[in-house]
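Residue numbers (mature numbering (1 follows the signal peptide of the UniProt record, and there is no 0)): -23 to -1, 1 to 595.
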């Protein structure tokens, strides 16, 4: 493999072909280069979350190409929005949103089709507001000044369908309604006219970082979004809510934890929701707490009846007399089931699987077989993603140096869903020290992750260098060593077939163009576009119980809605529930220019709720 040599100063600045005082040689493998200019510091957060506050986000389309959006700063500008198309020439600051050296504090960069939406501050008067960008200076602007008296601090951006995204934000009413400021639920199509309050409910922690790092608080399943909220009057605490993008379709699904928290008001305690996971655009897998069972695994199909605890994995109570539920961690969808780190009283924290039935929920594999007083020790697997037909994870085998045949420390594992097909993939860090593998990402048929192949000296940080494998049985290869000390590579992303990432030791944006020997562009090229799914329980058209009269019907060019209620917007779906058209109604007349002949369902959002009608286009 050919290598590229750069020289890096003691301050971590890349100087192409220039030897600096106290410089050390940096050798990059063929196909890897630094995209950001030498005086630019990338400021992406090191947290594992894809929806973290300072994110490296990919947006675009197959037709127009893809770009990487991130935050960075230099001597002349504060922290601002940057973009890269994977080339040095195409890597640049998008716009100096807050002019000068002051930072615009860009947060929660989130893909919205070919664009990104985010929170930013342009000046001290407007505060943090809702922005959008297509990667150009002219195409980067504030969508709406939601809170005219200060910043609305929008967060939790989640695209709900092809044309809209939801988020939590503050306006004058939400910050002055109760004793504390609240974020309420908003929806936008990326325009000022299409940005409006969806529901005056108290959205919980939109965009916030917590200890679990890579969980999400807003998760789209099909064409609906699950989120954590309470009523604005704090009646139920943190509970499971759902929205289809209409006010009538935004509601709490279930009061999971019915324990009374306030005797005076009768308000109940929150369910401590966690680990929201989209199962094939059909169901939501999540963790919830109840006073009866503790933290356990739950599922929802978007209905109250279809929201239930799957199984009480940990029965009984703990030493404090509280329910002994341990919940689950790092759930991943694989082979039509959900795999996760679960708890068994004998085996401890190990690899579990569920098919959403109590009978189909069980331990798969005991990673750590070291005996304890009550059974075996914790394997504590953290699951990554599917690669080469199996599901990869890291797990602990034990750190007893006196048992070298079974104790390898923290290493890389994989499973095919069976005990027989689960095993340690490699002993990357010899002995009982951890390789500390994190952030698994598949790009062009190769699996990348950060890890270490030697134990750091006492008092030193984990190395966390970039490794890869081209097949499930290949021993991991170190891709690059960025310098002395811990590299801490992070934010591994797929930029249309190339790996992009950044690092703590070299705060630059890197790109790596690599294709394995047997690379197959048909099999190994990942789909980069969101899947809004077809029809399912959570995506089915609204109930036809509340109907509205329309005319003419059959129609050709337009249809009129016969109602005295105020009309906000409308959707047109086919009979399977697939969304075809969605828009905002300026009047009771809807144009049908984009529809061919056929039978459809017209759903109209009004001041009296969602009304429906069968529509025939001739």
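By construction, the Cβ of each residue, glycine as well, lies at the ideal position given by its N, Cα and C atoms.
On the DSSP bridge assignment, give the partners of residue 388 in chain order.
372
Residue 176 and residue 162 look like a contact to me (Cβ under 8 angstroms); what is the Cβ gap, rounded to whole Å?
4 angstroms
Across the segment 13 to 24 and the segment 476 to 488, are there enough close Cβ pairs to call them in contact, namely three or more that are closer than 8 angstroms?
yes
Where does the unbroken alpha helix (DSSP H) through residue 500 begin, and where does it stop?
498 to 501
According to DSSP, is residue 522 helix, strand or coil?
Any reading at residue 522 must be qualified, since the residue scores a pLDDT of 49, below 50, and its modelled position is unreliable; the value itself is stated next. In this structure, residue 522 counts as coil in the three-state DSSP scheme.
At what residue ranges does the segment 135 to 167 contain a whole run of the beta strand (DSSP E), taking only runs of 3 or more?
142 to 146, 161 to 165
Would you give the residue range spanned by the beta strand (DSSP E) that residue 204 belongs to?
201 to 208
Take the Cβ of residue 101 as the centre, count every other Cβ of all protein chains shown within 10 Å, and call the residue buried at 16 or more, exposed below.
exposed
Report yes or no: do three or more beta-carbon pairs, one from the segment 66 to 81 and one from the segment 525 to 538, lie closer than 8 angstroms?
no
Segments assigned beta strand (DSSP E), at least 3 residues, entirely inside the segment 400 to 478:
400 to 403, 415 to 420, 423 to 428, 442 to 446, 454 to 457, 466 to 472
Whether or not the segment 439 to 450 and the segment 37 to 54 are in contact is what I'm after, with contact meaning three or more pairs of Cβ atoms, one per stretch, closer than 8 angstroms; do they touch?
no
How long is the line joining the alpha carbons of residue 327 and residue 203, rounded to whole angstroms?
28 angstroms
Grab me the residues of residue 479's own chain with a C-beta within less than 6 angstroms of its C-beta, minus the 5 sequence neighbours each way, in chain order.
19, 21, 468, 486
Residue 290 burial status per 10 Å Cβ neighbour count (16 or more: buried):
buried
Per DSSP, residue 81 is paired with what?
None; residue 81 has no bridge partner.
Among residues of its own chain, excluding the 5 on either side of residue 81, which ones have a beta-carbon nearer than 6 angstroms to its beta-carbon?
57, 74, 75, 97, 98
Touching or not, the segment 210 to 223 and the segment 234 to 244, by the rule of three or more beta carbon pairs under 8 angstroms?
yes
Distance between residue 375 and residue 642 (C-alpha atoms, nearest Å):
The structure shown does not extend to residue 642, since the chain spans only -23 to 595, so no value can be given for it.
Selected residue, minimal CA-CA separation from residue 372, among 52, 109, 586, 317:
317
Determine the DSSP secondary structure at residue 339, reduced to helix, strand or coil.
strand
Does the beta-carbon distance from residue 314 to residue 331 come in below 8 angstroms?
yes
Cβ separation of residue 405 and residue 388, assumed to be a contact under 8 angstroms, to the nearest whole Å:
6 angstroms
Residue 423 to residue 581 span [Cα, whole Å]
47 angstroms
Quick one: what does DSSP say residue 573 is sitting in, helix, strand or coil?
coil
Considering only their Cβ atoms, is the gap separating residue 196 from residue 144 smaller than 8 angstroms?
no
Assign residue 273 to one of two classes, buried (16 or more other C-beta atoms within 10 Å of its C-beta) or exposed (fewer than that).
buried
Does the segment 264 to 282 come close enough to the segment 576 to 590 to have 3 or more Cβ pairs within less than 8 angstroms?
no
Where residue 531 falls, given that 16 or more other Cβ within 10 Å makes a residue buried
exposed
Considering just the uninterrupted stretch of the beta strand (DSSP E) at residue 329, what are its terminal residues?
325 to 331
Going by CA-CA distance only, name the one from 551, 33, 68, 224 that's closest to residue 544.
224
C-alpha gap between residue 596 and residue 114, whole angstroms
This structure gives no information on residue 596, because the portion of the chain shown stretches from -23 to 595.
Is residue 425 buried or exposed, if buried means 16 or more other CB atoms sit within 10 Å of its CB?
buried
Backbone secondary structure at residue 550 - three-state DSSP:
strand
Buried or exposed: residue 164, going by 16 or more other Cβ atoms within 10 Å of its Cβ?
buried
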